[in-house]
Each structure stands twice: as C-alpha cells, then as structure tokens.
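Which chain is which? The protein sequence lines are A and B, in order. Going by the numbering used here, 49 is the number at position 49 of the first sequence; the sequence numbering is gapless. Start counting at 1 in the second sequence, then tack on 114, and there's your number in the numbering used here.
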Amino acid sequence: NAGVTQTPKFQVLKTGQSMTLQCAQDMNHNSMYWYRQDPGMGLRLIYYSASEGTTDKGEVPNGYNVSRLNKREFSLRLESAAPSQTSVYFCASSPRVTLGGELFFGEGSRLTVL
Amino acid sequence: TQLLEQSPQFLSIQEGENLTVYCNSSSVFSSLQWYRQEPGEGPVLLVTVVTGGEVKKLKRLTFQFGDARKDSSLHITAAQPGDTGLYLCAGARWGGSQGNLIFGKGTKLSVKP
Numbered sequence: 001n002a003g004v005t006q007t008p009k010f011q012v013l014k015t016g017q018s019m020t021l022q023c024a025q026d027m028n029h030n031s032m033y034w035y036r037q038d039p040g041m042g043l044r045l046i047y048y049s050a051s052e053g054t055t056d057k058g059e060v061p062n063g064y065n066v067s068r069l070n071k072r073e074f075s076l077r078l079e080s081a082a083p084s085q086t087s088v089y090f091c092a093s094s095p096r097v098t099l100g101g102e103l104f105f106g107e108g109s110r111l112t113v114l
Numbered sequence: 115t116q117l118l119e120q121s122p123q124f125l126s127i128q129e130g131e132n133l134t135v136y137c138n139s140s141s142v143f144s145s146l147q148w149y150r151q152e153p154g155e156g157p158v159l160l161v162t163v164v165t166g167g168e169v170k171k172l173k174r175l176t177f178q179f180g181d182a183r184k185d186s187s188l189h190i191t192a193a194q195p196g197d198t199g200l201y202l203c204a205g206a207r208w209g210g211s212q213g214n215l216i217f218g219k220g221t222k223l224s225v226k227p
C-alpha cells in the first residue's frame, strides 16, 4: 500500500538552483496539496489542486510553481531556491474536493538551501 | 494571523498520566480534524468532528468539539510511550474548498516510561 509517495526524501541546494519535488498517489483521489512545515509555524499550504486540471494558491505560494500532471501526480517546483525555502515539504491527497475530507500525507521531503 | 491556537506547545509526562490538549479559535469551523505526526513521517488523521458539542472516543483518546464550533480538545487517559508525537488540529472554514483547511502549530507530547 504505497499511498502518497514523495521524491526525493532529502535534498541540499545552493541559493539560486532549481529543483522539482515529485508526488504521486495511488488512491484515485481528486484533490492534492503541497504543504511546508517549519519549526514553530505548523503546516502551511503552498498550493493545492482540487481536481485534475486545476491548481490554486494557498497561504504561502511565492517562489513556487506547481503542475498537476494527471490525476495521480502533483509536482512542486522551486525555480530559484532561497534559504527561506529550507523546510520539510509534505504532499497530501484527499478523496474530497469540499471541506472536511481526510488528508493522506506522504513522508515528507527535507530540503536545505545553502 | 494564527487562526488556530494550540496549547500547550510542549508537554512531557510520565507513563500512566492523563493529559488534555486544546485547540482554540475566534473563528467558527464547519469541522475540525486531529492528526498525529511521528518524527520523520507525515501526519495521520485520528478523528474528524463535525457537530457542535460532539464527543468522539478512540480507545484512550477522547475528542470534543465545542458547542460554538470554535474550539476542540483532545484528552488522553493513561498515556503510554506510544502516544509520543506531534498532535495537530486542523479546522475547515465554511464555504470554501480544501484550501481553507487551517492547521494549528501543534502540541509536542513526550511520554516517558
């Protein structure tokens, strides 16, 4: 039972480098999300996709772009990484588009920007 | 603006003790979820409460949604080391998509044997 799979699990970047975090879910869920988790800040939503073909900004979208490649896959791209983007990134999916549905999270991707 | 305040931020107790974690807001939520997160893993849903005044029990864990739908509590009876983790509450705001799910900053619980 894979659930939500994120790659890579760890990454170190230099300021200005770009990278893409990949996320795939095998539960046939409609909605997918990218969160970042920082000490003392909780989980903050970066972008979400309520359904295939749509994406929307969350609370902290600046410096990120996303692509909902198909129903299974939702990627997060950092075009020019900054030290402020050092964080643990979580991808999540939900069977529901509307509020209250359970979120299923991946194991996280730990990114360090030097 | 932090819409969901969790308290305490940190809690260290001995095995067998009882504890309560609180999740408070000035906003009204259509539903509220509690997640537990262990180190190096993603959060896992424990429960969703949807009705004001609702109480749900999950073994030794009791969850309550406030009558006014602005707050919630998690009570653990006879805590065990396996309960150690970060407990997160998340509130769903009315009239929006899943993008309106707001997370608290969490309560980090440590249960010592």
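Even glycine gets a Cβ: it sits at the ideal position worked out from N, Cα and C.
Sequence-distant residues of the same chain with beta carbon closer than 8 angstroms to residue i, five excluded per side
{"i": "S31(A)", "result": "Y48, S49, A50, S51, S93, S94, P95, R96, V97, G101"}
{"i": "G3(A)", "result": "Q25, D26, M27, F104, G106"}
{"i": "L159(B)", "result": "Q147, W148, Y149"}
Among the options, nearest to residue i - alpha-carbon criterion
{"i": "S141(B)", "options": "I216(B), Q151(B), P227(B), Q147(B)", "result": "I216(B)"}
{"i": "V135(B)", "options": "E129(B), D181(B), Q128(B), S121(B)", "result": "S121(B)"}
{"i": "L133(B)", "options": "L117(B), G180(B), L188(B), G154(B)", "result": "L188(B)"}
Whole-number beta carbon distance between residue j and residue i, since they are thought to touch under 8 angstroms
{"i": "F124(B)", "j": "K222(B)", "result": "5 angstroms"}
{"i": "T176(B)", "j": "V169(B)", "result": "7 angstroms"}
Beta-carbon proximity of residue i to residue j, cut-off 8 angstroms
{"i": "T15(A)", "j": "P61(A)", "result": "no"}
{"i": "A193(B)", "j": "V225(B)", "result": "yes"}
{"i": "G40(A)", "j": "K219(B)", "result": "yes"}
{"i": "L111(A)", "j": "S80(A)", "result": "no"}
{"i": "S139(B)", "j": "V164(B)", "result": "no"}
{"i": "Q6(A)", "j": "C23(A)", "result": "yes"}
{"i": "V113(A)", "j": "Q85(A)", "result": "yes"}
Residue burial classification, residue i (beta-carbon count within 10 angstroms, cutoff 16)
{"i": "R36(A)", "result": "buried"}
{"i": "R174(B)", "result": "exposed"}
{"i": "L69(A)", "result": "exposed"}
Neighbourhood of residue i by C-beta, 7 angstroms cutoff - its chain only, sequence neighbours within 5 removed
{"i": "P8(A)", "result": "S109"}
Contacting residues, own chain, Cβ-Cβ under 6 angstroms from residue i (five flanking each side not counted)
{"i": "E73(A)", "result": "A24"}
{"i": "W208(B)", "result": "S144"}
{"i": "Y33(A)", "result": "Y48, A92"}
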